[in-house]
């Protein structure tokens, strides 16, 4: 069985061998699975920056990303992970991207057009040609309004396809504008139906998964209280009633996803082995609407260090990388 070898051991083995996608010495299929969570995606951004710094891009066979985790995955596949992570604390701070008071009006709280059409194209240009030509497929998860289920976007024939997929994955109806038309459907933020796309990776044949989580260890998505429920209903007041109810029950799906991760880590799943990378309980979770650059940069460093810790490489100072040249190709081997 290809899943006998633990995920971290498989990563180290492939790194030592220098194997590449499509040219392996094993029968395993290793997925990188990335959680988002609005601005909390800066944590998974720091994590993919660490993987890139360690020269580990080519140990993976496929990448799956949900919400802002899809953004991290896109920049990782394009070999721009550190470059892309700076977006959070250098481009999205203050009121440039998030305007919380807009919740009281019909205007979006999150300006996804600013992020996708300005930042990702001009300020921190995503190398979409590298994604189109990549030997590591990028799978962007969205939520289907028609089917009330997660959908995977992985077929990209032009640059615009990549940007539109990312737009779909990060658009929360009522918070970031209307659902995005896509083929014969309307898509929105993947968090509604699959915050952590391990299930999708497993269904597509992944035997191993490195799962990057943005919530701190020991925390989960809580059921909304009376005030939160009222605010959510107000924000989603122009959406179909069944979609609103799905959002109010989102914590149940998240709990199931975490159970699946724990089972895959423990060996209880016969067809996949997973290893999560997650921050410890201090500091607490970064808010989905965090806008303070210093807090965001610190969270990126925490995510960076979490990867080093998971790989047994404690003691590396993330500032050396995240504060340096984000286009550089410096690597540090783990063999």
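Residue numbers (our numbering): 425 to 759.
Where a beta carbon is used, it is the ideal one built from N, C-alpha and C, also for glycine.
>> Restricting to runs no shorter than 3 residues, where is the beta strand (DSSP E) found entirely within the stretch 610-641?
In response: 632-636
>> Considering only DSSP beta bridges, list what residue 578 is partnered with.
In response: Bridge partners of residue 578: none, in fact.
> Going along the chain, which residues of its own chain have a beta-carbon closer than 6 Å to the beta-carbon of residue 499, five neighbours each way excluded?
Replying inline: 505, 508
>> Measuring only the C-alpha atoms, how far is residue 618 from residue 601?
In response: 20 Å
> So what does DSSP say about residue 744, is it helix, strand or coil?
Replying inline: Low confidence applies here, because residue 744 scores a pLDDT of 47, under 50, leaving its location unreliable and the question unanswered by this model.
>> Considering just the uninterrupted stretch of the alpha helix (DSSP H) at residue 597, what are its terminal residues?
In response: No alpha helix (DSSP H) contains residue 597, which DSSP labels as neither H nor E.
> Hey, residue 561 and residue 486 are a contact pair by Cβ (cut 8 Å); roughly how many whole angstroms apart?
Replying inline: 5 Å
> Roughly how many angstroms lie between the CA atoms of residue 676 and residue 616, to the nearest whole one?
Replying inline: 11 Å
> Counting along the chain, where does the beta strand (DSSP E) carrying residue 488 start and finish?
Replying inline: 486-490
>> By the three-class DSSP mapping on this structure, what secondary structure does residue 458 have?
In response: strand
>> Helix, strand or coil for residue 449? Go by DSSP, reduced to three states.
In response: coil
> CB of residue 593 to nearest heavy atom of the ligand ZN: below 8 Å?
Replying inline: Here there are no bound small molecules, and the ligand ZN is not part of this structure.
> If we count the other Cβ atoms within 10 Å of its Cβ and call it buried at 16 or more, is residue 491 buried or exposed?
Replying inline: buried
> Ordered along the chain, which non-local residues of its own chain (more than five positions away) have a Cβ less than 6 Å from that of residue 717?
Replying inline: 513, 517
> Buried or exposed: where does residue 563 fall if 16 or more other Cβ atoms within 10 Å of its Cβ makes it buried?
Replying inline: buried
> By DSSP, does residue 701 sit in helix, in strand, or in coil?
Replying inline: strand
> In three-state terms, what does DSSP make of residue 563?
Replying inline: strand
>> Quick check on the DSSP output: the beta strand (DSSP E) that includes residue 604 runs from which residue to which?
In response: 604-606
> Under the rule that 16 or more other beta-carbon atoms within 10 Å means buried, what is residue 625, buried or exposed?
Replying inline: buried
>> If the criterion is Cβ atoms closer than 9 Å, does the pair residue 773 and residue 464 meet it?
In response: The structure shown does not extend to residue 773, since the chain spans only 425 to 759, so no value can be given for it.
> Quick one: is residue 755 buried, meaning 16 or more other Cβ sit within 10 Å of its Cβ, or exposed?
Replying inline: Per-residue confidence for residue 755 stands at a pLDDT of 34, beneath the threshold of 50, marking its modelled position as unreliable; no derived number is given.
>> Just to confirm my understanding: we take residue 730, look at its own chain, exclude 5 residues before and 5 after, and list those with CB closer than 7 Å. What are they?
In response: 471, 701, 702, 703
> Would DSSP call residue 680 helix, strand or coil?
Replying inline: helix
>> Which residues does DSSP list as the beta-bridge partners of residue 522?
In response: 534
>> Can you look up residue 568 in the DSSP assignment and give me helix, strand or coil?
In response: strand
> So, are the CB atoms of residue 679 and residue 631 less than 9 Å apart?
Replying inline: no
> Nearest-angstrom Cα distance between residue 751 and residue 557?
Replying inline: No answer about residue 751 holds up, because its pLDDT of 32 lies below 50 and its placement is not dependable.
> Mind checking residue 749: buried by the 16 CB within 10 Å criterion, or exposed?
Replying inline: Annotation note: pLDDT 37 at residue 749 (below 50); position unreliable, no value reported.
> Three or more C-beta pairs closer than 8 Å, one from the stretch 633-651 and one from the stretch 567-576: is that the case here?
Replying inline: no
> Roughly how many angstroms lie between the CA atoms of residue 480 and residue 692, to the nearest whole one?
Replying inline: 27 Å
>> On a Cα-Cα basis, can you pick out the residue from 445, 429, 476 that is closest to residue 727?
In response: 476
>> DSSP has residue 645 in a bridge; who is on the other side?
In response: Beta-bridge pairing links residue 645 to no other residue.
> Does DSSP classify residue 438 as helix, strand or coil?
Replying inline: helix
> Just the Cα atoms here: how many angstroms apart are residue 580 and residue 650?
Replying inline: 42 Å
> How many Å lie between residue 559 and residue 450 at the Cα?
Replying inline: 17 Å
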